[in-house]
Amino acid sequence: MLELRDLSVAYGAIRALHGVSLSVPEGSIVTLIGSNGAGKSTTLRAASGLVKVQSGSIHFAGERIDGCAAHQIVARGLAHVPEGRMVFANLTVLENLMMGAYLQRDRAVVRRELDLVYATFPRLQERAEQVAGTLSGGEQQMLAIGRALMSRPRFLMMDEPSLGIAPLLVKTIFEKIVAINRTQGITMLLVEQNANLALEVSSFGYVLETGRIILQDEAAKLRQDPQVRRAYLGG
Amino acid sequence: MTELLQQLVNGLSLGAIYALIALGYTMVYGVLRFINFAHSDVFMVGAFAGYYLGRELPSETFGGGLLALAGAMVACAALGVLIEKLAYRPLRGRSTLSVLITAIGVSLLLQNLGQRLFGANPRSFPQLFPRHDFRFDGLVISSAQLAVFVITLVLMFALRWIVMKTRIGMAMRALSFNPVAASLVGVSNDFVISCTFALGSALAGAGGILYALNYPSIDPLMGTLPGLKAFVAAVLGGIGNIPGAAAGGLLLGLIETVVVALGGSTYRDAVAFGVLILILLLRPGGLLGRVQTEKV
Numbered sequence: 039m040l041e042l043r044d045l046s047v048a049y050g051a052i053r054a055l056h057g058v059s060l061s062v063p064e065g066s067i068v069t070l071i072g073s074n075g076a077g078k079s080t081t082l083r084a085a086s087g088l089v090k091v092q093s094g095s096i097h098f099a100g101e102r103i104d105g106c107a108a109h110q111i112v113a114r115g116l117a118h119v120p121e122g123r124m125v126f127a128n129l130t131v132l133e134n135l136m137m138g139a140y141l142q143r144d145r146a147v148v149r150r151e152l153d154l155v156y157a158t159f160p161r162l163q164e165r166a167e168q169v170a171g172t173l174s175g176g177e178q179q180m181l182a183i184g185r186a187l188m189s190r191p192r193f194l195m196m197d198e199p200s201l202g203i204a205p206l207l208v209k210t211i212f213e214k215i216v217a218i219n220r221t222q223g224i225t226m227l228l229v230e231q232n233a234n235l236a237l238e239v240s241s242f243g244y245v246l247e248t249g250r251i252i253l254q255d256e257a258a259k260l261r262q263d264p265q266v267r268r269a270y271l272g273g
Numbered sequence: 104m105t106e107l108l109q110q111l112v113n114g115l116s117l118g119a120i121y122a123l124i125a126l127g128y129t130m131v132y133g134v135l136r137f138i139n140f141a142h143s144d145v146f147m148v149g150a151f152a153g154y155y156l157g158r159e160l161p162s163e164t165f166g167g168g169l170l171a172l173a174g175a176m177v178a179c180a181a182l183g184v185l186i187e188k189l190a191y192r193p194l195r196g197r198s199t200l201s202v203l204i205t206a207i208g209v210s211l212l213l214q215n216l217g218q219r220l221f222g223a224n225p226r227s228f229p230q231l232f233p234r235h236d237f238r239f240d241g242l243v244i245s246s247a248q249l250a251v252f253v254i255t256l257v258l259m260f261a262l263r264w265i266v267m268k269t270r271i272g273m274a275m276r277a278l279s280f281n282p283v284a285a286s287l288v289g290v291s292n293d294f295v296i297s298c299t300f301a302l303g304s305a306l307a308g309a310g311g312i313l314y315a316l317n318y319p320s321i322d323p324l325m326g327t328l329p330g331l332k333a334f335v336a337a338v339l340g341g342i343g344n345i346p347g348a349a350a351g352g353l354l355l356g357l358i359e360t361v362v363v364a365l366g367g368s369t370y371r372d373a374v375a376f377g378v379l380i381l382i383l384l385l386r387p388g389g390l391l392g393r394v395q396t397e398k399v
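Going down the list, the sequences are from chains A and B.
Convert by adding 38 to the 1-based position in the first sequence; the result is the number in this note's numbering.
Convert by adding 103 to the 1-based position in the second sequence; the result is the number in this note's numbering.
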């Protein structure tokens with residue numbers, strides 16, 4: 039459903055990605071693991087149109103999307119939950135969710151989607167009128183995911199959903215992520231520091247190192263791979 | 104007592120105009136993080152638009168006055184959008200300093216273009232609204248002052264409604280907080296920025312007309328001083344903060360009037376800019392400036 043082919047990205051003179059190719063089949067969860075600065079976030083940012091692609095191509099649902107502006111890519115059904123969550127801290131929780139449905143003009147559809155998000159994250163409903171900046175890290179992560187779901191995506195890219203969140207909540211959030219994938223049929227590309235957890239919920243994984251894919255395999259096999267275990271799974 | 108009330112009325116009507124202009128500075132700052140120094144000249148264009156429209160429309164009527172006001176606001180909105188598109192958009196993503204210098208360039212361009220088109224000599228501004236002085240026990244409120252109060256109040260409530268209740272207003276607030284996140288939910292930043300310029304410039308246009316009604320001599324350089332004062336007002340209230348700009352404007356108008364009433368009219372400008380220095384020293388975020396906390 040999402041195909042990156044030989045993707046290169048540079049920030050000024052610094053090359054961040056050197057010919058990355060990866061593919062996410064419809065309905066699956068695929069994980070991209072790698073250490074800090076390997077280019078995981080850059081890969082997602084390229085796919086959602088936040089950074090310019092230097093060479094290579096990005097296809098989504100059969101159409102080429104590299105070169106599209108970020109707001110046009112969301113409209114196609116590819117949503118991105120960015121690193122650091124980036125909720126609108128000055129807006130209320132409800133307003134944040136409404137911003138997620140910015141492109142949806144049909145109020146009935148928005149209402150339905152809102153109910154669905156509330157059903158997934160009841161906490162957000164409790165805090166609907168609260169300003170998002172006052173939420174805890176975990177709640178903000180739920181809000182960021184909820185906001186992305188409000189755009190009714192076919193594909194969700196998530197950047198470090200566990201970063202800076204209480205361990206207990208991490209488990210909850212991953213359960214929700216799996217549930218969203220299973221029940222709503224939303225395809226996912228996951229970037230995660232917590233490689234163990236990410237590979238557990240994924241069907242396939244890619245390992246990124248200094249801007250290159252060095253390893254790719256079924257998630258279960260990657261978890262057994264000695265190199266991966268040593269580098270990313272803590273032995 | 105009457106004297107005090109009179110000064111209060113004068114101060115508030117001057118302050119309301121500062122507030123209208125300050126809103127434009129603060130809104131543009133909110134989305135683009137730079138001071139649009141050409142804003143004061145959009146204010147001037149508003150006054151001239153009112154002047155030319157006022158000559159065509161029946162004078163001293165409500166309908167004519169409101170039509171001139173609406174026309175000037177539309178003209179200024181269009182001008183604001185055009186300025187953003189031609190001068191600032193090509194510099195998107197560059198350093199704020201480049202944009203700031205460009206804004207000063209646009210300001211000079213508008214002033215000189217104004218002198219070329221309208222002539223450098225001051226013109227007397229027509230009476231757009233019915234002339235009447237309301238007297239209450241010695242207190243005098245002119246219809247021009249009343250127009251300032253009513254129109255400013257209506258525009259501020261309209262602005263508040265747009266920013267707080269509409270989809271585009273929500274997008275403005277979202278963009279102002281985080282443009283990247285806004286684009287990730289499908290907001291076209293360019294479109295929202297255009298809308299912001301349109302709104303802010305329309306308010307400056309209204310401010311231009313209201314100013315000219317009360318100080319009915321207009322010239323192409325008239326924007327500079329009220330524009331700078333409004334900038335002070337925006338900083339005083341907390342730049343980027345919409346209620347702050349309104350409050351800062353009213354407060355600055357009052358301060359100036361008090362200075363004049365105390366016999367210091369020579370120092371009114373010095374005091375206004377003194378306020379700027381003081382606020383920057385003591386409370387750089389402004390009176391209502393938001394303290395930003397971010398959870399990591």
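Just so it is clear, CB atoms sit at the ideal spot from N, CA and C, and this is done for glycine as well.
Kindly give me the distance between the Cβ atoms of residue i and residue j, rounded to whole angstroms, as I take these residues to be in contact under 8 Å.
i        : j        : result
Leu339/B : Leu115/B : About 16 Å; that fails the 8 Å criterion.
Phe237/B : Leu249/B : 7 Å
Phe193/A : Leu116/A : 5 Å
Arg131/A : Leu162/A : The amino acid occupying residue 131/A in the given sequence is Val; Arg does not appear at that position. That pair is a contact at about 6 Å.
Gly303/B : Gly341/B : Between Gly341/B and Gly303/B the Cβ distance is about 16 Å, and since that is not below 8 Å, they are no contact.
Gly289/B : Leu141/A : 4 Å
Out of the options, which one is the CA nearest neighbour of residue i?
i        : options                                   : result
Leu135/A : Arg267/A, Leu88/A and Ile183/A            : Ile183/A
Gly105/A : Gln163/A, Ala84/A and Gly115/A            : Ala84/A
Glu213/A : Arg268/A, Met180/A and Gly243/A           : Met180/A
Leu228/A : Gln265/A, Gly249/A, Ser59/A and Ile67/A   : Ile67/A
Ala180/B : Gly389/B, Leu316/B, Ala305/B and Asn344/B : Ala305/B
Phe159/A : Gln262/A, Asp144/A, Val148/A and Gly176/A : Gly176/A
Ala76/A  : His56/A, Ala166/A, Gly65/A and Ser95/A    : His56/A
Ser297/B : Gly308/B, Leu185/B and Lys268/B           : Leu185/B
Gly366/B : Gln110/B, Met104/B and Pro161/B           : Gln110/B
Leu287/B : Ala233/A, Ala166/A, Ile224/A and Val89/A  : Val89/A
Glu64/A  : Ile52/A, Glu133/A, Leu129/A and Gly100/A  : Gly100/A
Leu187/A : Gly171/A, Ile215/A, Ile203/A and Pro264/A : Ile215/A
Tell me the residue span of the beta strand (DSSP E) that contains residue i.
i        : result
Ser95/A  : Ser93 to Phe98
Met325/B : Here Met325/B belongs to no beta strand (DSSP E), and DSSP marks it neither H nor E.
Val243/B : Leu242 to Ser245
Leu227/A : Thr225 to Val229
Glu41/A  : Leu40 to Tyr49
Gln142/A : Run containing Gln142/A: none; DSSP gives neither H nor E here.
Gln254/A : Arg250 to Glu256
Glu247/A : Phe242 to Glu247
Gly65/A  : Premise fails: Gly65/A is in no beta strand (DSSP E) and is neither H nor E.
Apart from the five residues on each side of it in sequence, which residues of its chain come closer than 6 Å, Cβ to Cβ, to residue i?
i        : result
Gly168/B : Leu231 and Phe232
Leu253/A : Val245
Thr396/B : Here the model assigns Thr396/B a pLDDT of 45, short of 50, so the residue's position is not dependable, and the following value carries that caveat. Excluding sequence neighbours, Thr396/B sits near nothing in its chain.
Glu238/A : none
Arg123/A : Gln178, Gln179 and Ala182
Gly405/B : Not covered by the structure: residue 405/B. The range shown for chain B is 104 to 399.
Gly157/B : Ala171, Pro229 and Leu231
Val243/B : Asp236
Pro161/B : Gly167
Grab me the residues of residue i's own chain with a C-beta within less than 7 Å of its C-beta, minus the 5 sequence neighbours each way, in chain order.
i        : result
Ala337/B : Ala125, Tyr128, Thr129, Ala348 and Gly351
Val253/B : none
Ile321/B : Ala150, Phe151, Tyr154, Pro225, Arg226, Phe228 and Ala315
Thr327/B : Ser143
Tyr278/A : Lying outside 39 to 273, the shown extent of chain A, residue 278/A is not represented and no answer is given.
Ala54/A  : Val47, Ala48, Gly77, Thr80 and Gly249
Exposed or buried, what is residue i when buried is set at 16 or more other beta-carbons lying within 10 Å of its beta-carbon?
i        : result
Ile380/B : exposed
Thr360/B : buried
Met226/A : buried
Ser198/B : exposed
Ser368/B : exposed
Arg190/A : buried
Pro120/A : buried
Asp144/A : exposed
His109/A : buried
Glu198/A : buried
Ala258/A : exposed
Asn219/A : buried
In the DSSP assignment, the alpha helix (DSSP H) including residue i goes from what residue to what residue?
i        : result
Asp104/A : First-last for Asp104/A: undefined, no H or E at that position.
Ala157/A : Arg145 to Thr158
Leu117/B : Thr105 to Leu135
Thr164/B : Where Thr164/B is concerned, there is no enclosing alpha helix (DSSP H), given that its DSSP letter is neither H nor E.
Val125/A : From DSSP, Val125/A is part of no alpha helix (DSSP H); its letter is neither H nor E.
For residue i, which residues in the same chain have their Cβ closer than 8 Å to its Cβ, ignoring the five residues on either side in sequence?
i        : result
Ala54/B  : The requested residue 54/B is not part of the displayed model; chain B covers only 104 to 399.
Val378/B : Val335, Leu339, Leu355 and Ile358
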